[in-house]
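Just below is one structure, and these are the notes that go with it.
Residue numbers (my numbering), protein chains in the order written: chain A, 840 to 1345; chain B, 840 to 1345.
Shown next, in the form of structure tokens:
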């Protein structure tokens, strides 16, 4: 199923990112010791076989690399064979693609080997990379000449317009830095669509889109891009109307065959957010049936008012945790999106509003009777009545507790050994829940410790995954496949700007 | 020093090679055992990580590879990471660039690693390769899709026009095959200029040019290309007028800083050959001063009538042998080119003809008194009075012996443990010397055993180096850097066609 009219609208809203020329800032020599990676500024010099040079572009960039290459010695009498490695973080340069054996495709690793037949030349690499650091390694020249790297330029690309961005008013340097890093994260993920990460997977994901769009409304305000992305999802549903979790743009727009029901549901919330930011009633009206269909599809799957605790539930996302039972969280998302649906129906004077209200009440009753542990006073999930942070966060967002109840619930959770939170994506929803119940100080403290921890660990952009207990860890068995610029982590710009947290002093 | 008028003439004579589309012939599975490499035809199938496929293009090609790539399974969700290896001979595919540690730059090895972001696609590789076989190896895809190689095309390039080539009239299948292989060798080395080898070094060398031009006159008859190459050398002499041994065309025409005096001298012979083939008196007249200067420069270096036996002599080429003392050979080349110079001066009615005759007589006397071993009745070279085939070959070509004397000399040489011949380049001059003295049967026997040996060993084109004792050897420590299509080996087409050897039966 493919709605050509929606697709046309989508593509008309999406434009080619603008290019900005960024010269490299300095050359580095990097050394790795037990204490970490030591960077030392260095001078360029002619390079022979085995020589390496690291170029530092000063900040995280997404774009195209151009190298101006020359030679000294005799006329080059053999091709230059060059390895180029791109790194968002210096640590990536101490790993090799060939040595990575995890489950992420090594096709994502940003390394190239290429031959240059004619020197001097300007070499513009055809692929786009995400990086701050570029390591050039001469795999071979000949004995008669040496390579000279004359210059290096990044044609950085983004659909975010820096001229639009207002400075955050704060006296707090950590908050200022967190905001800047969050804005850079969002900026570099704003390409033709909102990408999850510009290094990997470079794809428009529905749940990620929602968080990016929220930060975008407070920062770059590229509303057309959000509209285009919403229409893209709506244009490419499954036969039964279910939305895919992700869309590929190339070679032509196509839905991913991954279906995460929480992501599909959140289309409703994303549509409402967009309407509130833009006032675009036409889009709200046109896409509301698509949103409503997501609510219907989940409702049809309920048994005794609840999403069944089947393995199928594993296919919703919620958080990057294999241990997490997702039944309760999924009910929370459903409740949350039913509320968003009611609000849209109210705006559009759609009589289904009452039906949605009834659905929310039914689902809330089923949760209270089936997923609330009276003894422990927490929400539980699944057959084994698992206690997790994810369940509580989504039940609070779903409106199951008053502010006081929620504060007490979160306080009780601190005393449990519940299944914790893994991704910035879930942390984002936790902070959102805290702010919703007025726990602003606690929310700020989470921002400071979690996102602030990444800043302390040297983040130029926020990461896909961050474990405060071990900032250097890679859950993929190699930092070389980590995504150190991942838009679902851009929340600080949204929270700090929307709620004026820490900005009161100005 | 740069003669712009000569350069303009040169560039006007050189054209862009024409392209011909060559589809791949079949897919192979290759296996290497102690008995050699076994090739088995196979079907294409979808390729996952680690899978390999060898495409056979049926004959040696020089050109650009286009691949039509698709995918099966889900929409590709990670870039394809592909290794492509090009091989003139199957054996090259059993070596890796990373494992080669010889003195040849590994930059020449025809292997690429590349990433393909969007599938399906048509991928045209920007570099030119020399190959019959292309091995594709999937370094990675993702778990969700497999690569499908839909098609592969080589846009083969050459400045040789196959329509011009007359068939060789012979009933002898080995001679017919040797001629075909030699023509293919020349064909694939005829690019914008005559290249020594299209895999490596892809460069116009003066000594090689002469042999290519001779075969070209008997086969493809692209006279403009020879003229352009002669003018290129003449346009870019050293300050003292010495011609370089090789010219680079890119990024703009420039002389190599390698000066081999035997190569410089042979410009005279090459110019005369060109005039005889073309009748182009204007070129002969215009380039004669350049040729004459090469003779003058060698003459100025003589001591007691001979080239001194200094280490500097090592810098002439003659043959690829570190053991060879080159003093006598170099005198032979000088004598040979003095004769060519006399002939040109005669055609142009240039009075220096007498001076050149006198120079020949002087040099011949010096050789007879200094480099002829009366006791052993052979020419000797250097302080240690080394006996080599190279010395005898060039003295015969230089006109120092009558036909009978030369026949007897070569017969005596068979009984010595003289320094032997290494390259097809020197073997070519040996065959030329044999034909000059009427030893046609012996010449044919050398062609059959030496070039015929390469044919027996599976040559599609003739090789840079061939050791009949060990056809599989690589003098460079790895067949992966061998050049299996090298124009200085194209002599059989010249000899068989010019002298009608073996063609009498038709």
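Note that CB positions come from ideal geometry on N, CA and C, so glycine has one too.
Integer Cβ distance of residue i from residue j, believed to fall under 8 Å
i	j	result
residue 955/A	residue 921/A	6 Å
residue 1022/A	residue 1332/A	5 Å
residue 1025/B	residue 1051/B	6 Å
residue 909/A	residue 864/A	Actually they are not in contact, since the Cβ atoms of residue 909/A and residue 864/A sit about 21 Å apart, beyond 8 Å.
residue 1276/B	residue 1250/B	Their Cβ separation, rounded to whole angstroms, is 11 Å, which puts residue 1276/B and residue 1250/B out of contact at 8 Å.
residue 1002/B	residue 861/B	So it is not a contact: roughly 16 Å between Cβ atoms.
residue 856/B	residue 1031/B	6 Å
Inter-residue spacing [alpha-carbon to alpha-carbon] between residue i and residue j
i	j	result
residue 1087/A	residue 1093/A	5 Å
residue 987/A	residue 911/A	7 Å
residue 1039/B	residue 1291/A	55 Å
residue 1129/B	residue 1157/B	21 Å
residue 1059/B	residue 1113/B	14 Å
residue 1204/A	residue 1057/A	36 Å
residue 1079/A	residue 1194/A	21 Å
residue 1279/A	residue 1288/A	14 Å
residue 1361/A	residue 1336/A	A query on residue 1361/A cannot be resolved here, the shown segment of chain A reaching from 840 to 1345 and no further.
residue 1055/B	residue 1062/B	8 Å
residue 998/B	residue 1027/A	48 Å
residue 934/B	residue 1013/A	54 Å
residue 1016/B	residue 1330/B	13 Å
residue 1134/A	residue 1175/A	11 Å
residue 1180/B	residue 1282/B	27 Å
residue 885/B	residue 958/B	14 Å
residue 1044/B	residue 1029/B	13 Å
residue 1256/B	residue 962/B	55 Å
residue 1318/A	residue 1311/A	8 Å
residue 1252/A	residue 1150/A	26 Å
residue 1306/B	residue 870/B	24 Å
residue 1167/B	residue 903/A	58 Å
Short Cβ contact (8 Å threshold) for residue i with residue j
i	j	result
residue 980/A	residue 891/A	no
residue 1020/B	residue 1338/B	no
residue 1037/A	residue 930/A	no
residue 868/A	residue 879/A	yes
residue 1227/A	residue 1304/A	no
residue 1236/A	residue 1268/A	yes
residue 849/B	residue 1034/B	no
residue 946/B	residue 919/A	yes
residue 894/B	residue 985/B	no
residue 1225/B	residue 1258/B	yes
residue 952/A	residue 952/B	yes
residue 1270/B	residue 1294/B	no
residue 1263/B	residue 1301/B	yes
residue 1154/B	residue 1098/B	yes
residue 1351/B	residue 1074/B	The first residue shown for chain B is 840 and the last is 1345, placing residue 1351/B beyond what the model contains.
residue 852/A	residue 1169/A	no
residue 1184/A	residue 1191/A	yes
residue 907/A	residue 976/A	no
residue 936/B	residue 974/B	no
residue 1104/A	residue 1187/A	no
First through last residue of the beta strand (DSSP E) which encompasses residue i
i	result
residue 868/A	865–872
residue 875/A	875–881
residue 1368/A	The shown model of chain A, from 840 to 1345, leaves out residue 1368/A, and the question about it has no answer.
residue 960/B	960–963
residue 975/B	968–979
residue 1270/B	Counting along the chain, residue 1270/B falls outside any beta strand (DSSP E), though it belongs to the alpha helix (DSSP H) covering 1263–1275.
Boundaries (first-last residue) of the alpha helix (DSSP H) holding residue i
i	result
residue 809/A	Residue 809/A lies beyond the residue range present for chain A, which begins at 840 and ends at 1345; the question has no answer from this structure.
residue 1183/B	1166–1186
residue 940/B	Unbroken run through residue 940/B: none, as it is neither H nor E.
In the segment 1078–1143 of chain B, which residue ranges form an unbroken beta strand (DSSP E) of at least 3 residues, counting only runs that do not cross its ends? If you keep only unbroken beta strand (DSSP E) runs of at least 3 residues inside the segment 1078–1143 of chain B, you get 1085–1087.
Can you check the segment 998–1085 of chain A for any beta strand (DSSP E) of at least 3 residues that lies completely inside it and give the ranges in chain order? Secondary structure in the segment 998–1085 of chain A: no beta strand (DSSP E) run of 3 residues or longer lies completely within the stretch.
Whole beta strand (DSSP E) elements within the segment 1277–1330 of chain B, 3-residue minimum: Runs found: none.
Could you give the uninterrupted runs of the beta strand (DSSP E) lying entirely in the segment 878–921 of chain B, keeping only those of 3 residues or more? Complete beta strand (DSSP E) runs here, min 3: 891–912.
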